[in-house]
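Just so it is clear: in the sequence shown, position 321 is 321 by UniProt numbering, and no numbers are missing. Structure, as structure tokens:
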Amino acid sequence: MSSSKAVLANATIREYRDLIRNHDDEFIKQMPKVEMHVHIEGTMTPELRWPLAVRHRIPIPNPRTGKYCRDLSELKGLYDLLDDLEQGGVEGGMLRFFELYYGGFDVLRDEEDFYLLAMNYFQRAAKMNIRYCEPFFDPQGHTRRGVQSQWIMCFLRDMSPESAMSHYIDALPYRDMIVGIGLDSLETDRPPLLFEDVFQRAREDGFKITCHCDVGAKDSLRHIAQVIDQLGGTGADRIDHGLHAADDPSLLARVKEKGLGMTICPWGYLCYSGETQILERIRIIHDAGIQIAIGSDDPAYMEDIWLTNSLYMLRELCNFTDDDFVALQREILAELQEYQKQAL
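Written out as structure tokens, the structure reads:
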């Protein structure tokens, strides 16, 4: 891969956003799909967050004005993170993303709120012809509310390993609703092996394990190597993101050798870094024969780009064909349990 680093102008990224947001690709729209990388909290649209905030009488801060949002229109303006990227660069944009993302947790106060959040995503997923999904959830962001959650349980890197273990133990009575254990949030100086005890326990208890290795993160290659070969004693069952594996042929070879899948969320990478190498890396990983599952990550906070939009992005910018898309879905289906295949 080329060592030169070309960065797209913000205006060009906006053009790409508009292109893929407004696509009318019938093949992609009608194709049955699986989504393996979406954070349920990341589907909190302004249209849902505003009425929840009003119902619970929770003011929503506007960091751009130092005051509170006055209406839905003002809140929707905060969701245009390309403005923050243009003014504060990648670091400033990422900080604003996490500020907005975790701020959305505040309006999730009771079971009905979580129900509305989940149904908002599932209704949209049905319209996109998504037949199966495994959303992430972040229990440490909600336990103070006393609400139970499910799906892929992700621990927050910016909280302690002890907190992760405590939440893991608390969740064990509901293990039949949890399909895997993961790790996400800010990665700087928080390597995967810092949480090895809880991953070892999860592996011993029979859970599948995964871990986010974010694009552009400090020590990304070292973290990817830990996930491949060491996490949980023998390495994870898949890697979330991990795009920098394309920069190291030996790491890429290990991913393929161990048969690890990777979840790839292309729009988020391009949106936040602007690097044209993002597109090249995705193609390298795919052409290496590694199983990848395309996801939307946190679509409500990423310029309203959902799974069908992300797939169209691959067609337009990475030259993916109809055959490529069918192969991607078939590879994912092959990994599902038999009862899941029958349901589909």
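Where a beta carbon is used, it is the ideal one built from N, C-alpha and C, also for glycine. In this text, all values refer to a predicted model and were calculated from it rather than measured experimentally.
In angstroms, rounded to a whole number, what distance separates the CA positions of residue i and residue j?
| i | j | result |
| --- | --- | --- |
| D189 | A245 | 19 angstroms |
| N62 | L183 | 29 angstroms |
| D80 | R14 | 10 angstroms |
| A164 | L193 | 13 angstroms |
| E280 | F325 | 17 angstroms |
| E74 | A253 | 48 angstroms |
| Y312 | D24 | 9 angstroms |
| Y115 | I181 | 22 angstroms |
| V147 | A327 | Residue placement at V147 is poorly supported in this model, since its pLDDT is 28, which falls under 50; the coordinates still yield a value, given next. Approximately 39 angstroms between the Cα atoms of the pair. |
| R96 | R21 | 22 angstroms |
| D176 | L186 | 28 angstroms |
| P46 | K76 | 6 angstroms |
| G103 | N319 | 37 angstroms |
Looking only at C-alpha atoms, which of the options sits nearest to residue i?
| i | options | result |
| --- | --- | --- |
| F199 | K218, S166 and Y269 | S166 |
| Y272 | I60, M128 and M94 | M94 |
| R57 | R49, P299 and A293 | R49 |
| L82 | F122, N10, D287 and M153 | N10 |
| L317 | D247, I282 and E47 | I282 |
| R315 | E303, G289, W267 and R330 | W267 |
| I278 | D214, L251 and A334 | D214 |
| L333 | R96, Y132, G42 and R175 | Y132 |
| S250 | L231, P191, A225 and D158 | A225 |
| P191 | V255, R201, H223 and I20 | H223 |
| K256 | G233, N319 and D287 | D287 |
| Q329 | L19, T12, M31 and E26 | M31 |
| G289 | G274, L260, E303 and M302 | L260 |
| A202 | S220, G235, H212 and L221 | G235 |
| E335 | Y174, L78, D237 and G274 | D237 |
Report yes if the C-beta distance between residue i and residue j is below 8 angstroms; otherwise report no.
| i | j | result |
| --- | --- | --- |
| I178 | E35 | no |
| M44 | L156 | no |
| I292 | M262 | yes |
| R17 | I305 | yes |
| I228 | K258 | yes |
| E41 | Y121 | no |
| P161 | D197 | yes |
Is it right to say residue i is buried, meaning 16 or more other beta carbons lie within 10 angstroms of its own, or is it exposed?
| i | result |
| --- | --- |
| D84 | buried |
| K218 | exposed |
| L172 | exposed |
| Y269 | buried |
| A300 | buried |
| D170 | exposed |
| P59 | exposed |
| F98 | exposed |
Under 7 angstroms Cβ to Cβ from residue i, same chain only, skipping five residues before and after it: list those, please.
| i | result |
| --- | --- |
| L52 | V107 and D113 |
| residue 355 | In the structure as shown, the chain starts at 1 and stops at 344, and residue 355 therefore has no counterpart that could be examined. |
| T276 | A6 and L8 |
| M119 | none |
| M302 | W267, G268 and C271 |
Report all residues from its chain with a CB closer than 8 angstroms to the CB of residue i; omit the five preceding and five following residues, and keep chain order.
| i | result |
| --- | --- |
| C265 | H37, H241, I294, G295, S296, D297 and S310 |
| R145 | For R145, the pLDDT reaches just 38, beneath the cut-off of 50, and the residue's location in the model is therefore unreliable, although a value from the coordinates is still provided. The residues are L108, R109 and D110. |
For residue i and chain B, any beta-carbon pair shorter than 8 angstroms?
| i | result |
| --- | --- |
| R315 | Although the question refers to chain B, the structure presented lacks it and comprises just one protein chain. |
Grab me the residues of residue i's own chain with a C-beta within less than 6 angstroms of its C-beta, minus the 5 sequence neighbours each way, in chain order.
| i | result |
| --- | --- |
| residue 386 | The question about residue 386 has no answer, for the chain in this structure spans 1 to 344. |
| D322 | F27 |
| H39 | F136 and D298 |
| D248 | L221 |
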